[in-house]
Each structure stands twice: as structure tokens, then as C-alpha cells.
Amino acid sequence: MARHTSPALIDSHAHIQTREFSADVAEVIQRAKEAGVEKIVVVGGAGDLSSNDAALELADSYPGLYATIGMHPHDVKEVGEEAFQRMEALARNPKVVAVGETGLDFYYDHSPRQVQIDLFCRFIQMARQNGLPLVVHVRDAYREACEIIKREGKGNLRGVIHCFTGDYDAAREFLDLGFYLSFTGIITFKNADALRDVARRLPLERILLETDSPYLAPVPHRGKRNEPSFVRQIAETVAQ
């Protein structure tokens, strides 16, 4: 198939190291390239520590792929000191471009809130020590996340709010902290008018795009397994 001739794209957040892609990850990466997706950030921390190793393995195996190291707030209750030290070591790999996914999820509370807060603070320190940006997951905790980033980042922290679904006031707070905002397939959904309005008000240079594969496939693929090639539909919606 001929290569797509539209502007090159980056999928800034994908979990293609997960079992959903175990049978066809090479084909998924090839389809992304054919769709004009030149770079994919494979985000670690989905489920357990091994997802970080798997993300790095993919990044080492395919040009244009990069990794992040972290642990989703759902799973930080399982992170002991040895596991955290292992992640600190992985974060020094040159193919690692960010620390995360980390943050606060007060909607599901799969991990105790204080544990989420403690590990979020430690991942912020890891990012600062390595000069890396932070990939932040926030749900029902925008105010708390902002306060922690202000306090622990000490004005010297870059990052992205992954899968942003908040209002303009929340967006403005994160922009003022120097963060980027990233949009998923949610922005293509019929009931996402408010989110599309937020995106229109943001500086274009502070917007990132992501699939969050295998989750949140955009229209017209909604309900299917998501993959990086679908980031084009997200870009087209944000551009409207």
C-alpha cells in the first residue's frame, strides 16, 4: 500500500505492548506507517511492571517507536520499593522519552488515594531527576493533580495530561503549569461537543494526539480494538 501523503502524525500514547496486540503487533505498526504515523510512544505501566519491559522491547525493535516508564494509578498499590528501583533503572534507557503513565484516579479508586498520591510524587521526582516529561492520568482529581504538580514540580516539570476530558478552566490551569493536553478518540464521539469546544480554544502548539490503544477507538471505529493508525481520525476532528 502506498504511504499516506498527508502531514506526518505522532501517536503520543499507545499500549501496543499489551496482549491485545500479541498476535499482530508488526502489522499494526506497518498500518500506522502507511497511515502517516511516523512515531508511536508505547506507554508503560498498564497492569504490572512487565508492561514497562515490554514497551522498551518494542521501542528497541522498531524504528520510530519510543517508550515511557511508570505505573498506572490503578496498580500502584502493587509497587514495592524493589519494583520502583527497577523502574528508576529503566528510565535511564535512551529509548525512554517520558515517565508515566502516572497520576490520580479518584473515580475508580482501585488503589488507595494516599498510595496514588505518594507514588505520583515519586514519579514526579523521577521525571525531574532524569530531565524527562511526565505522562499524567487524571480522573476526578484535576484540582489535586494541579496542586501536586505545582508543589512537587517546583516550576521545573514538563508533561502532558493524557486523555484530557476536562473543562476549559482545568485546561487553562494545566497550560499555565507548562503542560500539554492530549486528546483521544473520545473527542470524535457524538456527545463530545463540550470537549471539542475546549480543544478549539486551546493553542494548537499545546495539543497532542493519542489513541490510547487498544482503548477508546474513534468514530467510525468505535467499539473495535483501537490502534495507532486511527490517530488520523482524531487529528481530523481536532482540526475542524
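Sequential numbering from 919 applies to the sequence shown in the numbering used here. Where is the CB? At the ideal position from N, CA and C, for every residue including glycine.
Residue i - DSSP class collapsed to helix/strand/coil
i, result
"residue 1055", "strand"
"residue 919", "A caution first: residue 919 carries a pLDDT of 42, below 50, which makes its placement in the model unreliable, though a value can still be read off. Residue 919 falls in the coil class under three-state DSSP."
"residue 1147", "helix"
"residue 1141", "coil"
"residue 1093", "helix"
"residue 1126", "strand"
"residue 1048", "helix"
"residue 886", "Examination of residue 886 is not possible in this model, given that the chain is present from 919 through 1158 alone."
"residue 1068", "helix"
"residue 1156", "helix"
"residue 1002", "helix"
"residue 995", "helix"
"residue 1041", "helix"
"residue 1111", "helix"
"residue 1118", "helix"
"residue 1027", "coil"
"residue 1007", "helix"
"residue 1085", "coil"
Counterpart residues of residue i in DSSP-defined beta bridges
i, result
"residue 1079", "1054 and 1099"
"residue 1014", "985"
"residue 1131", "932"
"residue 1022", "1056"
Outcome for residue i when other beta-carbon atoms lying within 10 angstroms are tallied against a minimum of 16
i, result
"residue 970", "buried"
"residue 1058", "exposed"
"residue 1025", "exposed"
"residue 1100", "buried"
"residue 1023", "buried"
"residue 1209", "Outside the displayed range of the chain (919 to 1158) lies residue 1209, so it cannot be described from this structure."
"residue 1167", "As shown, the chain starts at 919 and ends at 1158. That puts residue 1167 outside it, with no answer to give."
"residue 968", "exposed"
"residue 1040", "buried"
"residue 1065", "exposed"
"residue 1028", "exposed"
"residue 1147", "buried"
"residue 1122", "exposed"
"residue 1150", "buried"
"residue 1019", "buried"
"residue 1049", "exposed"
"residue 1032", "exposed"
Given 8 angstroms as the limit, is there contact between the segment 1085-1093 and the segment 1116-1133, that is, 3 or more CB pairs closer than that? yes
Can we say the segment 1121-1129 touches the segment 928-936, given the rule of at least three CB pairs closer than 8 angstroms? yes
With a floor of 3 residues, list each beta strand (DSSP E) that falls wholly inside the segment 922-987, ordered by position along the chain. 927-932, 955-961 and 983-987
Could you tell me whether the segment 991-1001 touches the segment 970-980, using the rule of 3 or more Cβ pairs below 8 angstroms? no
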